[in-house]
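The next block holds one structure in the form of structure tokens; read it before the comments.
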Amino acid sequence: MKLFYASLLALMLSPLQSFGAAAKCELAVQSGIDANGKPNPMAFNVKSIEVPASCKKFKITLENKSTLPKTAMGHNLVVAEAGKMAAVTAAAMKAGIKNEYLQKGSGEITATKLLGPSEKDSVTLVVANLKKGSAYKFFCTFPGHSAMMQGDLSVK
Ligand SMILES: [Cu+2]
């Protein structure tokens with residue numbers, strides 16, 4: 144009988160344990176805040192993103208903490224292969240503010256909307272579509288921002 148209760152207890156605990164060990168398949172990123180948590184109009188608070196290979200999907204939510212208007216200091220978060228970042232940012236500059244500084248189909252894997260103060264948007268990466276060991280970047284395509292606002296993204 145003691146053994147029965149012991150195995151029942153183990154059964155009850157196991158879902159909790161696997162939940163605790165499960166990889167986190169989402170991440171909150173802020174713009175307008177630097178990696179040290181200090182206000183910085185042109186920064187992300189995250190410098191690199193590791194996407195767990197065990198996640199089917201990986202959600203990134205960008206929240207813009209900058210207080211400057213979208214037309215002057217809007218931010219987005221775009222994901223692309225590292226080798227395509229320059230092409231995506233160049234195309235975004237040409238696309239202009241009327242297209243929220245993104246030329247769709249220029250090489251981005253996914254992109255949030257361009258955010259003004261206190262705005263939020265999320266994107267979801269399908270992890271099976273990313274290659275383990277490949278170099279990806281996340282960055283902001285507002286003209287001039289990607290020099291400061293960028294980081295590495297990889298599948299681990
Ligand atoms: Cu920006």
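Everything in the sequence shown is counted per our numbering, starting at 144 for the first residue and increasing by one.
Note that the Cβ used here is the ideal one computed from N, Cα and C, for glycine as well.
Small disclaimer: the values here were computed from a predicted structure and weren't measured.
By the DSSP assignment, the beta strand (DSSP E) with residue i in it spans what residues?
i	result
Thr253	Glu251 to Ala254
Ser209	Looking at the DSSP string, Ser209 is not in any beta strand (DSSP E), and its letter there is neither H nor E.
By DSSP's criteria, residue i is part of a beta bridge. Which residues make up the other side?
i	result
Val266	Ile203
His218	Leu258
Tyr279	Glu224 and Leu296
Gln246	According to DSSP, Gln246 bridges with nothing at all.
Pro182	Ile176
Leu170	Ile203
Val194	Val298
Phe285	Beta-bridge pairing links Phe285 to no other residue.
Might you give, ordered along the chain, the residues of its own chain that have their beta carbon closer than 7 Å to the beta carbon of residue i, omitting 5 neighbours on each side?
i	result
Pro158	Per-residue confidence for Pro158 stands at a pLDDT of 46, beneath the threshold of 50, marking its modelled position as unreliable; the derived number appears in the next sentence. Nothing meets the Cβ criterion.
Met291	Met185 and Ala186
Ala234	Gln246 and Ser249
Could you pull out every residue in the same chain whose Cβ sits closer than 6 Å to the Cβ of residue i, ignoring the five residues on either side in sequence?
i	result
Pro286	Met236
Glu301	Nothing about residue 301 can be reported from this structure: the residues present for the chain run from 144 to 299 only.
Ala171	Thr204
Ala271	none
Cys168	Cys198 and Phe201
Thr210	Pro260
Pro195	Ala166
Thr267	Lys200 and Lys202
Which residues in the same chain have their Cβ closer than 8 Å to the Cβ of residue i, if we skip the five residues on either side of it in sequence?
i	result
Gly294	Phe187, Val189, Lys190, Ser191, Ile192, Lys280, Phe281 and Phe282
Lys274	Val298
Asn207	Gln173, Ser174, Gly175, Gly217, His218, Leu258, Gly259, Pro260, Ser261, Glu262 and Lys263
Gly180	Asn188
Item to complete: Pair every Cβ in the segment 255-263 with every Cβ in the segment 208-227, then say whether three or more of these pairs are closer than 8 Å.
Response: yes
Worksheet item: Within the chosen definition, does the segment 233-240 reach the segment 258-278 through at least 3 CB pairs nearer than 8 Å?
Response: no
Worksheet item: Can we say the segment 179-187 touches the segment 244-252, given the rule of at least three CB pairs closer than 8 Å?
Response: no
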